[in-house]
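Take a look at the structure set out below.
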Amino acid sequence: MLYRKLFNLILITISMGLLFGCAKSNEISESAFITINNDSCSVEEYFVYFDEVKQNFEEIGGTDIWETDFDGRSAVDVAKESALNSMIAVKVSAQKANELNITLSEAEEQQAITDTQSIIEGSGREYSDAYREAVEKIMCEKSLYSKVKKAIVKDYVISESEYDAYCKSNYEATAIEMKKITVKALFCTDEAKANEIYNKIAQGESFDALYDKNNETGENSVFLASQKELEGELAELIDTKAGFVSQPIESENMYGIFKVVSIADGDKDEIIQKLRDDYTKTVQDQIFSHELEKWTAASSIAKDESAWSKIDINS
């Protein structure tokens, strides 16, 4: 399962242009970490992408992910290349924006500045003017990437016959994913107390009665979620039945015991719309990926191999 999740993550990068090896190669100047069509990019720019990939990997497999082997390749090498290919895809697309007369509005540029601060605060890296400039540049380029992609796929009209086949193949799985699950949560701050409460429930005591006596959030902790939204910390609740009660789950300095109150089918029209949206996005991604492959293959790309070899998980 872990390998499959990471494989899917890497496929996303492929769809953004995993073609560095096919691009034209030039010698690189000593002052640049990577050069893409005469655009010299700093190592600070690369680290923005690398930090994002590292975070994604660790969300899937924790810090132990870096000990994982992927068909003879280390997780660090896979992450490094994933970050590099994301960077190339965004850079090449942003450069293509000039040919397509695509620019950012003042509001979009301001949003990039706002996003920059958020990225810096979450990076854990020591602040520097160079790093801030790199992040701001990337935020602008990512906005251009999105606008270029939108321009490339805007005239696409789905094939209804192909969509119907997709819908038939994926309806059941999507309907399950979109079931409406009502969950009630009992929270307390003490782990031992949470385990004691759970044991009482397991022995037949009423969840609701114990909730009334012990819930420490001071509010009615009932929420509605789809099966997809339960993935992660609440995955234990997936594929269960009404009445199921989870073991205590630690989250944000609290321990939660979760009861599945009810499970209802999702709205059919919403399921159909999600299938159409998913199919449209999949085909649009394929169309843009094909164009991006051509742009990348025609690009001149080179990196400083000495600097590249020194990058590791602690960089």
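Convert by adding 14 to the 1-based position in the sequence shown; the result is the number in the numbering used here.
Where a beta carbon is used, it is the ideal one built from N, C-alpha and C, also for glycine.
These numbers were taken from a predicted model, which means no experiment stands behind them.
| Item | Value |
| --- | --- |
| V57 to K194 span [Cα, whole Å] | 46 Å |
| When E230, S160, S132, K161 are compared against E150, the one with the closest alpha-carbon | S132 |
| 6 Å Cβ shell around Q241 - same chain, five flanking residues per side excluded | E191, K193, I252 |
| The segment 95-109 in contact with the segment 143-159 per 3-pair CB rule at 8 Å | yes |
| Exposure label - G270; buried when at least 16 CB within 10 Å | buried |
| Classification of V90 by the beta-carbon crowding that lies within 10 angstroms, buried from 16 upward | buried |
| Nearest neighbour of E72, chosen from A93, V62, G86 [CA to CA] | A93 |
| Residues that DSSP places opposite K273 in a beta bridge | K198, V259 |
| Candidates D129, Y159, A103: closest to N115 by CA position | Y159 |
| Beta-bridge partners of R87, as assigned by DSSP | F84 |
| Straight-line Cα distance separating L244 from N328 | 32 Å |
| Euclidean distance between Cα positions of I211 and G76 | 29 Å |
| Through-space distance from T294 to L178, alpha-carbon basis | In the sequence as displayed, the identity of residue 178 is Asp instead of Leu. Using only the alpha carbons, I get a separation of about 12 Å. |
| L224, enclosing alpha helix (DSSP H) - first and last residue | 221-228 |
| CA nearest to the CA of S8, picked from N70, N51, D169, E95 | For residue 8 there is no data in the structure shown, the boundaries of the chain being 15 and 329. |
| Helix, strand or coil at E266 according to DSSP, with G and I counted as helix | coil |
| With 16 other Cβ atoms within 10 Å as the buried cut-off, status of T49 | buried |
| CA nearest to the CA of E266, picked from W322, F201, D222, K282 | F201 |
| Among E219, E147, L98, nearest to V67 - alpha-carbon criterion | L98 |
| Whether V236 touches F258 by CB criterion (7 Å) | no |
| Proximity to E113 [Cα-Cα], best of D283, E147, A165 | A165 |
| Rounded straight-line distance, which links the Cα of K214 to that of E167 | For the record, residue 167 in the displayed sequence is Val; it is not Glu. V167 and K214: Cα-Cα distance of roughly 57 Å. |
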